Amino acid sequence: ECVRQLLRACGPCFASILTADAEMCELSALVSDPGAPAQPLHPDTQTSGTRAHCGLITAFVALQDVTPEMGPTEVCARTNVAEAHRALSRGGEPAHSLDALIAA
């Protein structure tokens, strides 16, 4: 039902930028336990290898009410490039914010 509602709301936008041979390559659910530490920033896409050429649309849909205690999902615009991925994979402390990523 969630995917159906997402496509009802976003389908026209998706249809305007996708080709007829586009495919859904992943459908997943994420769970955050109360008191769990925040994830470091990390890439969800590839910039090299067999799928590096693929375009990607990512949609996050909350399946429950999200409270401040659960923490936000941070999306960092324009970090889907090799330079940003290299900065995220450098040794040392993981980046926990966009400012830390830029400073790395």
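Numbering (the working numbering), first residue to last: 1 to 104.
Note that the Cβ used here is the ideal one computed from N, Cα and C, for glycine as well.
Please read all numbers here as calculations on a predicted model, not as lab measurements.
What do you reckon, are the CB atoms on residue i and residue j nearer than 8 Å?
{"i": "CYS2", "j": "LEU63", "result": "yes"}
{"i": "ALA38", "j": "GLY71", "result": "yes"}
{"i": "VAL61", "j": "LEU6", "result": "yes"}
Say yes only if the C-beta of residue i is nearer than 7 Å to one or more non-hydrogen atoms of the ligand HEM, and no if none qualify.
{"i": "LEU7", "result": "Looking for the ligand HEM in the displayed structure turns up nothing, as the structure carries no ligands at all."}
Report the residue from the options whose alpha carbon sits nearest the alpha carbon of residue i.
{"i": "ASN80", "options": "SER32, PRO68, GLY35, THR58", "result": "THR58"}
{"i": "CYS76", "options": "GLY49, PRO40, THR67, GLU69", "result": "PRO40"}
{"i": "THR67", "options": "GLY35, ARG86, ALA84", "result": "GLY35"}
{"i": "VAL31", "options": "ASP65, HIS85, ALA15", "result": "ASP65"}
{"i": "GLU69", "options": "THR19, ASP33, ALA84, HIS85", "result": "ASP33"}
Starting from residue i and walking both ways along the alpha helix (DSSP H), at which residues does that stretch end?
{"i": "ARG4", "result": "2-17"}
{"i": "HIS85", "result": "82-89"}
Strictly under 8 Å for the Cβ-Cβ distance: is residue i near chain D by that measure?
{"i": "VAL81", "result": "Absent from the structure is chain D; it holds one protein chain and no more."}
**OP:** Report yes or no: do the segment 37-45 and the segment 7-21 share at least 3 C-beta pairs separated by less than 8 Å?
**Re:** The segment 37-45 is not in contact with the segment 7-21.
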